[in-house]
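Okay, structure first, notes after.
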Amino acid sequence: MKEQLFPHKGTVYLVGAGPGDPDLLTIRAVNVLKSAGVIVYDRLANPKILSYVQEHAERIYVGKRPGRPSVSQHQINRILIAKANEGKTVVRLKGGDPFIFGRGGEECEALAGEKIPFEIVPGISSALAAPAYAGIPLTHRGIARSFTVVTGYTNKREELFRNWEHIAHSETLVILMGMKNLELIISQLVLLGRPIDTPIAIVEKATYRHQRTVTGTLENILERAAYLSSPATIVIGELAKLANTLSWYNEPVILEQDSKPELRTALTV
Ligand code: SAH
C-alpha cells in the first residue's frame, strides 16, 4: 500500500529474527528475507538465517566489530534511509523482536521522518523463548498472573533501577541484558524486600544447541552462575523453579553451593 504512495522509495522491513534457532523465524520473516535487495544485520541474528537471503542481495553488517569503532545508531539510520531512497527493498534484521530492546522504534522514527515506508515483522523475543525453552511458564494459575520484562543494563547508571520499588515485586520478572549487573540486580531485589529464597533461573544461549540453564535462589545464584556468559535471560519468581521439573530442551544445571570450580566446568561441558 505504502509503496504506491512513495513509488520511488523502497520499503524497509524491520524483521525479528527470533532468539537464535532459525526454525523460530516466522513465515512472514522468511518471505521478506527472500525478497530483500539489501540486508542490514547485527550480531544477535544467527548467521544461518542469512541463508534465506538471495545470493545477489547486498549484506551490510552493523554489529559490534572487535577492534573497530562500532556503527552508531545514527549511521544505521542513514544506511536504511539511503538504501530505501535507491528504491531497494531493505531488511533490517534484529534478534528476537524488533520492538523489544531492539531500537526498532528509533529506526521507525528516522524512516517516518524521511517518509520512507516501513513494515514491522514481529519476532519471537528471547523474553518469551528463553523461559519457554527452559520449561518456565511466565504465568501459571494460582501462582503468577503477570510478568514484567525489564532491561538490566542502561547507559546511565542512575537510571538502572528506576521504578524498581514496583518492578522488584513483579510476580514473574524477566530481565534481559542483565548479566553484567547481576550482582547489583540481586542486591537491589533483596534491598527492596524480595526474600533471599526467591527462585531464579538463568537461561544462556536459549534455543541454541548448547543452551544452558542454571537454577537457584537469590542467595546462591551468583556463585552458581559465575561461569555463564551472554546472551542470557534471567527469570525471577516462584515459577523459575519449574525449570527443575519442566525442562524439556536440555537438563538444567543445578550445582551445590560448595562445588569446586573444576567440577562446575566438568558438569557443564
Ligand atoms: N530484541 C531482543 C532483545 C535484545 S536485547 C529480543 O526480543 O529478544 C539482548 C538481550 O536479549 C541479551 O542480553 C539477552 O538478555 C537476551 N537474549 C538474546 N538472545 C538470547 C538467547 N538466545 N538466549 C538468552 N537470552 C537472549
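So this note's numbering is basically just the index in the sequence shown, starting at one, shifted up by 717. Note that CB positions come from ideal geometry on N, CA and C, so glycine has one too. This structure is a prediction, so every number in the text was calculated from the model and none was measured.
For residue i and residue j, I'd like the C-alpha separation in whole angstroms.
i: L741; j: G735; result: 6 Å
i: D738; j: R874; result: 33 Å
i: E882; j: K751; result: 46 Å
i: E968; j: N961; result: 8 Å
i: R782; j: R760; result: 9 Å
i: I938; j: V920; result: 12 Å
i: G933; j: P764; result: 32 Å
i: A846; j: I953; result: 15 Å
i: G859; j: G812; result: 33 Å
i: L959; j: I777; result: 41 Å
i: L909; j: S887; result: 12 Å
i: A949; j: C825; result: 27 Å
i: R820; j: E803; result: 23 Å
i: V838; j: L731; result: 6 Å
i: I766; j: D814; result: 15 Å
i: Y966; j: A923; result: 9 Å
i: S843; j: F818; result: 11 Å
State the CB to CB distance for the pair residue i and residue j, rounded to an integer number of angstroms; the pair is presumed to be in contact (CB under 8 Å).
i: I902; j: I892; result: 7 Å
i: G733; j: A753; result: At roughly 15 Å, the Cβ-Cβ gap does not stay under 8 Å, so G733 and A753 are not in contact.
i: V755; j: E775; result: 5 Å
Got a sec? Which residues, its chain only, sit under 6 Å from residue i by beta carbon, not counting five neighbours each side?
i: L855; result: P848, F864 and T889
i: P978; result: Reliability fails at P978, whose pLDDT of 47 lies under 50, so the model's placement of it is uncertain and no value is given.
i: P895; result: It is worth fixing the name first, because residue 895 is Gly in this sequence and not Pro. Within the same chain, G895 has close Cβ partners G869, I902 and I951.
i: V867; result: I884 and I892
i: Y925; result: G737
i: R911; result: A885
i: G780; result: D759 and R760
Leaving aside the five residues before and after residue i along the sequence, list all residues of the same chain whose C-beta is less than 7 Å from its C-beta, in chain order.
i: V729; result: L797, A801, V807, R809, L828, I833 and F835
i: D914; result: T934 and E936
i: V907; result: I913 and L935
i: S787; result: K781
Residues in the same chain with beta-carbon distance under 8 Å from residue i, minus the five sequence neighbours each way, listed in chain order, please.
i: N898; result: G869, Y870 and L877
i: G822; result: F816
i: L945; result: M896, I919, E921, R929 and V931
i: S964; result: A851, G852 and T930
i: Q792; result: V779
Based on Cα-Cα distance, which residue from the options lies nearest to residue i?
i: H927; options: V757, S842, V970 and C825; result: V970
i: Q790; options: V770, V757, R941 and A774; result: V757
i: R795; options: I917, G830, P948 and I841; result: G830
i: K726; options: I744, V770, A799 and Q792; result: A799
i: R862; options: V755, L956 and V749; result: L956
i: Y769; options: N748, Y966, V755 and A923; result: N748
i: I744; options: F818, I841 and A923; result: I841
i: N880; options: E900, Q905 and N872; result: Q905
i: A942; options: A844, A923 and I917; result: I917
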